[in-house]
Amino acid sequence: MNLSVTLPGMKLDNPIIPASGCFGFGYEFAEYYDINILGSFSFKGTTLEERFGNKTPRIAESTSGMLNAIGLQNPGVNNVLKIELEKLKKVYNKKVIANIGGSTIEDYIEAVKIISKSDIVGAIELNISCPNVKEGGIGFGTNKETAAKLTRLVKEATNLPVYVKLSPNVTNIGEIAVAVEEAGADAISMINTLVGMRINLKTGKPVLANTYGGFSGPAIKPVALKMVHEVYKQVSIPIIGIGGIMNAYDVIEMMYAGATAVQIGTANLINPYASKEIIDQLPQVMKELGIKDLNNIIGRAHK
Amino acid sequence: MNLSVTLPGMKLDNPIIPASGCFGFGYEFAEYYDINILGSFSFKGTTLEERFGNKTPRIAESTSGMLNAIGLQNPGVNNVLKIELEKLKKVYNKKVIANIGGSTIEDYIEAVKIISKSDIVGAIELNISCPNVKEGGIGFGTNKETAAKLTRLVKEATNLPVYVKLSPNVTNIGEIAVAVEEAGADAISMINTLVGMRINLKTGKPVLANTYGGFSGPAIKPVALKMVHEVYKQVSIPIIGIGGIMNAYDVIEMMYAGATAVQIGTANLINPYASKEIIDQLPQVMKELGIKDLNNIIGRAHK
Amino acid sequence: MSNLYTVLSNELIAYKTYKMVLHGDTKNIKAPGQFINIKIDHPNTFLRRPISINDYDETTLTIIYKVFGEGTEILSKTKRFTTLDILSPLGNGFTIKETKKQLLIGGGVGVPPLYSVAKELVKRNIEFDVVLGFNNKYDVFLEGMFRSLGANVYVTTMDGTYGYKGNVIDLIKSKNLYFDYYYACGPEKMLHALVKEDYVGQLSFEERMGCGFGACMGCSHKTITSYKRICKEGPVLESSEVLL
Amino acid sequence: MSNLYTVLSNELIAYKTYKMVLHGDTKNIKAPGQFINIKIDHPNTFLRRPISINDYDETTLTIIYKVFGEGTEILSKTKRFTTLDILSPLGNGFTIKETKKQLLIGGGVGVPPLYSVAKELVKRNIEFDVVLGFNNKYDVFLEGMFRSLGANVYVTTMDGTYGYKGNVIDLIKSKNLYFDYYYACGPEKMLHALVKEDYVGQLSFEERMGCGFGACMGCSHKTITSYKRICKEGPVLESSEVLL
Ligand SMILES: Cc1cc2nc3c(=O)[nH]c(=O)nc-3n(C[C@H](O)[C@H](O)[C@H](O)COP(=O)(O)OP(=O)(O)OC[C@H]3O[C@@H](n4cnc5c(N)ncnc54)[C@H](O)[C@@H]3O)c2cc1C
Ligand SMILES: Cc1cc2nc3c(=O)[nH]c(=O)nc-3n(C[C@H](O)[C@H](O)[C@H](O)COP(=O)(O)OP(=O)(O)OC[C@H]3O[C@@H](n4cnc5c(N)ncnc54)[C@H](O)[C@@H]3O)c2cc1C
Ligand SMILES: Cc1cc2nc3c(=O)[nH]c(=O)nc-3n(C[C@H](O)[C@H](O)[C@H](O)COP(=O)(O)O)c2cc1C
Ligand SMILES: Cc1cc2nc3c(=O)[nH]c(=O)nc-3n(C[C@H](O)[C@H](O)[C@H](O)COP(=O)(O)O)c2cc1C
Ligand code: FES
Ligand code: FES
Chain V
1 MNLSVTLPGM KLDNPIIPAS GCFGFGYEFA EYYDINILGS FSFKGTTLEE
51 RFGNKTPRIA ESTSGMLNAI GLQNPGVNNV LKIELEKLKK VYNKKVIANI
101 GGSTIEDYIE AVKIISKSDI VGAIELNISC PNVKEGGIGF GTNKETAAKL
151 TRLVKEATNL PVYVKLSPNV TNIGEIAVAV EEAGADAISM INTLVGMRIN
201 LKTGKPVLAN TYGGFSGPAI KPVALKMVHE VYKQVSIPII GIGGIMNAYD
251 VIEMMYAGAT AVQIGTANLI NPYASKEIID QLPQVMKELG IKDLNNIIGR
301 AHK
Chain D
1001 MNLSVTLPGM KLDNPIIPAS GCFGFGYEFA EYYDINILGS FSFKGTTLEE
1051 RFGNKTPRIA ESTSGMLNAI GLQNPGVNNV LKIELEKLKK VYNKKVIANI
1101 GGSTIEDYIE AVKIISKSDI VGAIELNISC PNVKEGGIGF GTNKETAAKL
1151 TRLVKEATNL PVYVKLSPNV TNIGEIAVAV EEAGADAISM INTLVGMRIN
1201 LKTGKPVLAN TYGGFSGPAI KPVALKMVHE VYKQVSIPII GIGGIMNAYD
1251 VIEMMYAGAT AVQIGTANLI NPYASKEIID QLPQVMKELG IKDLNNIIGR
1301 AHK
Chain Z
2001 MSNLYTVLSN ELIAYKTYKM VLHGDTKNIK APGQFINIKI DHPNTFLRRP
2051 ISINDYDETT LTIIYKVFGE GTEILSKTKR FTTLDILSPL GNGFTIKETK
2101 KQLLIGGGVG VPPLYSVAKE LVKRNIEFDV VLGFNNKYDV FLEGMFRSLG
2151 ANVYVTTMDG TYGYKGNVID LIKSKNLYFD YYYACGPEKM LHALVKEDYV
2201 GQLSFEERMG CGFGACMGCS HKTITSYKRI CKEGPVLESS EVLL
Chain B
3001 MSNLYTVLSN ELIAYKTYKM VLHGDTKNIK APGQFINIKI DHPNTFLRRP
3051 ISINDYDETT LTIIYKVFGE GTEILSKTKR FTTLDILSPL GNGFTIKETK
3101 KQLLIGGGVG VPPLYSVAKE LVKRNIEFDV VLGFNNKYDV FLEGMFRSLG
3151 ANVYVTTMDG TYGYKGNVID LIKSKNLYFD YYYACGPEKM LHALVKEDYV
3201 GQLSFEERMG CGFGACMGCS HKTITSYKRI CKEGPVLESS EVLL
């Protein structure tokens, strides 16, 4: 039985990658289990400068999903490099994916250059789709020209593979995927959160201080599957499938749609053991479905 | 306590309107309860010519939601006028909303002209967003120029108020709402289904014969709320809020976001009494929340 | 169309196959082969699950179902005295014809609704035989129930581990069973194979359902003359109208 | 951080207020004021619900919660012997200071965690008084429990239907209560009002939580020096660091 898959620059023992923003800098989860069992993980999005993020409440809830408007709170890329990743190294000996956000192209490039110095970073994940940062971010993800330009310039600024993380809040995600592939992206991570809101019935006000937030969890899975399936038809670089994955069956479904690996987001928040449990469950589900090698099922729904 | 609200051309006893495609032509539900208690309802989308729709399976399921790819199966607008609406009249003495689909602008106009002859139709609802019709439909909903043009021409073809039903599968729904308002739309119905898919794990094939389908139900509610909230800021015509409404609390939340009335879709399918139960529950929930007149809460989340 | 039913029993009767007896309103059931649509309380089972009525009396109805996916799995674990939200009865059901010698043809979980048909035939004094097809001996159920109605029951399994070996049509042919009308329920492949033969009868079909009561057009099934909703104008179609 | 706890009892003790005793792992609880995070099985309650530990011993822990929305409503209907998925213990809890005369200040459902503090103070032989604030007489709970620890307990209600009338600060002032340190938990308004006074102590805050164990940054709370996660570096903050 083979669970290992390959992403540009990273050979993974298994396709399970905790998603950015849902796994901190990893060491918090090392209290619960040995995080070296993971394929890899994507750390909390960092930006050139430290960010304090949005006002609270930053969290809301909805049927089978949650909303967040963290606003990219992070200590800044220099502190991530010097403090967070050093803490991480004590408990983790694999490569990590560096999730990078920004408001301007220059910010992204500078942050990527800094984080590329780390020997523990295996790839850059450009978050061009964070819906909670007012100044920018979302703009990059909804316009194919800017997305392509950003990708190209970031590729020039680092030797690491660059994965571009797409926003689902667009009319035509395939068009953006194709544009970033042409601009040199090594892989595509998708999807980031949908934009949503909830209103407090007692006060009549939006629950989130930021009004809108990113909607994630099992509720969004069909949208993620569809978009991965659609983009798989249009690009030839690998896709990291993200959105609502809660168990090993969901992993297989996402790989059938076209994903080479998957990221687990919200599931880690409601159950700190989620990623471990999925890894543990995977061989048994593969057996049940008659799967010997995960590499053979990538994109099976297209056959 | 006042539950009645007003839409262009229609004064409703209450804001509860079963949504198109989830209430047939009404008379099927008259077996379960007196459908005259409804504010109104929107009948199954009809087109100029009869349509047989997509192959089965047309239905899939996901966490807290469902997918459909009916493909606008309907007997054609002439049969709707002559047969379906006649059957409806036997059990219903209010106005109905005529949901119209099409592949070309000409088809829409012709269908609207025909259905406008019915004295039971109170408004036209232009479905410019059905994701399951391959030839067209979705195109109108994702492009503001076409959406506006269609709206303008349909307005010229009928004396009835025209509600335009928007697709959520776009980068900027506000822009499209503004365009159709400028083109003369009398109200906006939103949202139609998100596009999604599921894959059968046993076969590796998409569950839906059509591969992709429209995703609806409580899972999509935060997306609907956000879009209604966003469009409310940009237009001054009334909004009919749709998406994941399952109970009277959801109705209030949607009205807080900016809706003047709401449509209930999927809820009717898993519980044929859903719309009735919501109407029954509404006064009690209004009391609990201290609401005397529903007209006072429209857009409260903006205050 | 009453809503609340109480589980009186829920027991394993064959491989992954359960028999559940429910207490509740049965007075609207009008034909064998009608089905019920069960709400299963779990976020992953958003839609109801359609299951045929196997048997009923004034106050109870019985279903027999196989664990197939998440919904039937949860159903199989439902405890006695649990209340279930059920729509019942749905669909047209079989229309009993008054002919001389009839045949009931069931495949796998298509067998249960035929038991109601059998009871109706007994009541009307119509002669009939029963053919039941399963994959293997572990799947076999209801054989004894049909026998106790006095019918000749022929069981066949695909792997020959019980009764005859082969599918139901193989059996009908090899046994040279005579019948002038049939009622069938089972996998689509079996139903289509039956329609290809010269026999005349009624067949009960399955489709994925959005509502189960005619509102969504999710279960449309093309017939020779028109579209029929399997949940409303079906699940039973005449052999003459089935489009292959 | 163990996961499965069994409900031993779950009873109404005041208006919409329930006391639940849970059986399970308590050995990692290290300070009064820590909380647990409860998974409530319903599609509408996707996130866990944080509730303070009111009391615990070697094998059980007790919580007291008020029905506020859907999650606590479902919780209130949970039957004896139900198994709940719970993360426990979470957060820092109160750090007991060794001063002369201390005050516990609780408001509404902020009262429960202070009971563990009181027990700890008794154990350490630290003198303390207790001030409890509620909206009205129907809301009052735990008064007797504090009294049975031998403390002076002052109850005040906003509408004066029980004990004194007014908020906790009104009471402290009008009674001229002396204390050199306090532990407080209650609505944010009450906590902020306390911080504005000259008193020194610790306060337990609430924030909407995505995870409850430090992973999502959902509960960040700005303090005078930095951001703190209420679920990890909180819920208890020093009065000196609270930003108003
Ligand atoms: C009219 C009718 C009568 C039926 N009678 C019986 C019966 O008496 N005994 C029995 O064991 N089974 C019967 N079935 C099949 C039964 O409905 C499915 O096995 C069941 O829905 C599977 O649900 P699941 O959650 O276990 O599987 P999942 O695969 O998890 O279900 C996912 C979705 O697909 C639908 N689905 C899956 N298989 C079928 C199917 N074969 N037909 C329709 N929808 C399906 C489910 O309802 C659900 O919406 C009947 C089906 C129909 C349409
Ligand atoms: C550290 C901590 C300790 C707490 N201890 C207690 C206690 O001992 N007793 C008690 O009765 N209550 C306590 N609360 C408040 C309790 O968490 C909320 O009343 C509860 O989450 C409401 O859930 P609901 O489903 O009933 O309400 P809903 O309004 O339906 O909840 C919707 C969402 O908002 C969140 N939410 C709502 N109110 C609060 C709140 N006040 N704080 C944090 N999140 C909230 C819910 O967790 C959920 O995610 C505590 C809160 C925190 C943060
Ligand atoms: C609390 C929270 C914080 C997140 N922060 C980030 C982030 O910093 N960068 C990023 O690219 N995505 C971020 N995401 C998005 C997730 O990585 C993921 O794309 C999304 O949640 C969908 O997956 P899920 O349904 O498995 O959660 C965040 C999501 C959540 C819930
Ligand atoms: C089975 C089904 C059929 C539908 N058919 C139509 C249609 O014909 N025309 C239309 O405008 N919307 C159609 N819709 C969309 C609904 O009217 C509604 O916009 C959508 O389902 C979201 O609302 P809900 O979450 O309450 O279901 C259909 C939805 C479903 C589930
Ligand atoms: S399942 Fe909805 S019409 Fe048949
Ligand atoms: S709730 Fe997630 S960090 Fe505190």
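Line by line, the protein sequences are chains V, D, Z and B. In terms of the working numbering, the numbers along the first sequence are unbroken and rise by one, the last being 303. In terms of the working numbering, the numbers along the second sequence are unbroken and rise by one, the last being 1303. In terms of the working numbering, the numbers along the third sequence are unbroken and rise by one, the last being 2244. In terms of the working numbering, the numbers along the fourth sequence are unbroken and rise by one, the last being 3244. The beta-carbon is built from N, C-alpha and C at its ideal position, and this holds for glycine as well.
Taking a contact to mean a Cβ-Cβ separation below 7 Å, would you say residue i touches residue j in this structure?
i, j, result
"Gln1073/D", "Ser2220/Z", "yes"
"His1229/D", "Met197/V", "yes"
"Tyr2138/Z", "Tyr2015/Z", "yes"
"Phe2035/Z", "Leu2087/Z", "no"
"Gly122/V", "Lys155/V", "no"
"Asn2092/Z", "Val2236/Z", "yes"
"Pro2112/Z", "Ile2040/Z", "no"
"Gly45/V", "Ile17/V", "no"
"Asn64/V", "Ala219/V", "Sequence inspection shows Ser at residue 64/V; the Asn mentioned does not correspond to that position. Going by C-beta atoms, Ser64/V is nearer than 7 Å to Ala219/V."
"Val164/V", "Leu126/V", "yes"
As a quick exercise: from the options, pick the residue whose alpha carbon is nearest that of residue i.
i, options, result
"Glu253/V", "Pro1206/D, Met1254/D, Tyr1232/D", "Pro1206/D"
"Phe1041/D", "Ile1070/D, Leu1085/D, Asn1002/D, Gly1065/D", "Leu1085/D"
"Tyr2181/Z", "Lys2165/Z, Glu2207/Z, Ile2040/Z, Asp2198/Z", "Asp2198/Z"
"Gly1071/D", "Pro1008/D, Thr1142/D, Val1091/D, Ala1209/D", "Ala1209/D"
"Ile270/V", "Gly3024/B, Pro3032/B, Ile3038/B, Thr3026/B", "Ile3038/B"
"Arg3066/B", "Gly3110/B, Lys3030/B, Thr3060/B", "It is Lys, not Arg, that sits at residue 3066/B in the sequence shown. If we check each option's Cα against that of Lys3066/B, Gly3110/B comes out closest."
"Val195/V", "Thr142/V, Lys276/V, Glu288/V, Ile176/V", "Thr142/V"
"Leu2075/Z", "Lys2100/Z, Val2131/Z, Ile2051/Z", "Ile2051/Z"
"Asp2085/Z", "Leu2114/Z, Leu2047/Z, Gly2107/Z", "Leu2047/Z"
"Gly2069/Z", "Met2020/Z, Val2117/Z, Asp2057/Z, Asn2044/Z", "Asn2044/Z"
"Glu288/V", "Ala248/V, Lys303/V, Ala257/V", "Ala248/V"
"Gly2106/Z", "Asn2176/Z, Thr2082/Z, Asn2054/Z, Lys2123/Z", "Asn2054/Z"
"Ala1267/D", "Ala1259/D, Ile1242/D, Met1286/D", "Ile1242/D"
List the residues that DSSP assigns as beta-bridge partners of residue i.
i, result
"Arg51/V", "Asn74/V"
"His3221/B", "Lys3228/B"
"Asp2023/Z", "In the sequence as displayed, the identity of residue 2023/Z is His instead of Asp. His2023/Z is bridged to Thr2006/Z, Thr2060/Z."
"Lys1011/D", "Thr1006/D"
"Met2240/Z", "Residue 2240/Z is actually Ser in this sequence, not Met. For Ser2240/Z, which the question treats as bridged, DSSP gives no partner whatsoever."
Beta strand (DSSP E) runs wholly inside the stretch 238 to 296 of chain V, at least 3 long, in chain order:
For secondary structure counted as the beta strand (DSSP E) over 3 or more consecutive residues, the stretch 238 to 296 of chain V holds these complete runs in sequence order: 239 to 242, 261 to 264.
At a CB distance below 8 Å, what residues from the stretch 96 to 124 of chain V approach chain B? Give them in sequence order.
Correct list: empty, as no residue qualifies.
If the cut-off is 8 Å on Cβ atoms, which residues from the stretch 3174 to 3191 of chain B count as contacting chain V, listed in chain order?
Flagged: no residues at all.
Which residues of the stretch 214 to 232 of chain V have a Cβ closer than 7 Å to any Cβ of chain D? Give them in chain order.
Taking 7 Å as the cut-off between beta carbons, the residues of the stretch 214 to 232 of chain V near chain D are Phe215, Pro218, Ala219, Lys221, Pro222, Val223, Leu225, Lys226, His229, in sequence order.
Segments of 4+ residues assigned as alpha helix (DSSP H) that fall wholly inside the stretch 1086 to 1119 of chain D
Whole alpha helix (DSSP H) segments, 4+ residues: 1105 to 1115.
At a CB distance below 9 Å, what residues from the stretch 2100 to 2130 of chain Z approach chain D? Give them in sequence order.
Listed by position along the chain: nothing, the set is empty.
Identify each residue in the stretch 285 to 297 of chain V for which the Cβ-Cβ distance to at least one residue of chain D is less than 7 Å, and report them in chain order.
So the list reads Leu289, given in the order they occur along the chain.
Jot down the residue ranges of each uninterrupted beta strand (DSSP E) in the stretch 193 to 244 of chain V, minimum 3 residues, whole runs only, in chain order.
Whole beta strand (DSSP E) segments, 3+ residues: 194 to 196, 213 to 216, 239 to 242.
Report the residue ranges of all alpha helix (DSSP H) runs contained in full by the stretch 3174 to 3222 of chain B; include only those spanning at least 4 residues, in chain order.
Runs found: 3188 to 3196.
Any residues in the stretch 169 to 188 of chain V with a beta carbon nearer than 7 Å to a beta carbon of chain D? Which ones, in chain order?
Residues are counted here when their Cβ sits less than 7 Å from a Cβ of chain D; for the stretch 169 to 188 of chain V these are Asn169, Val170, Thr171, given in chain order.
Which runs of the alpha helix (DSSP H), 4 residues or longer, sit entirely within the stretch 3049 to 3131 of chain B?
The stretch 3049 to 3131 of chain B contains these whole alpha helix (DSSP H) runs: 3070 to 3076, 3112 to 3123.
Determine which residues of the stretch 189 to 202 of chain V have a Cβ less than 8 Å from any Cβ of chain D, and write them out in chain order.
Sequence-ordered contacts of the stretch 189 to 202 of chain V with chain D read Leu194, Val195, Gly196, Met197, Arg198, Ile199, Leu201, Lys202 [C-beta pairs closer than 8 Å].
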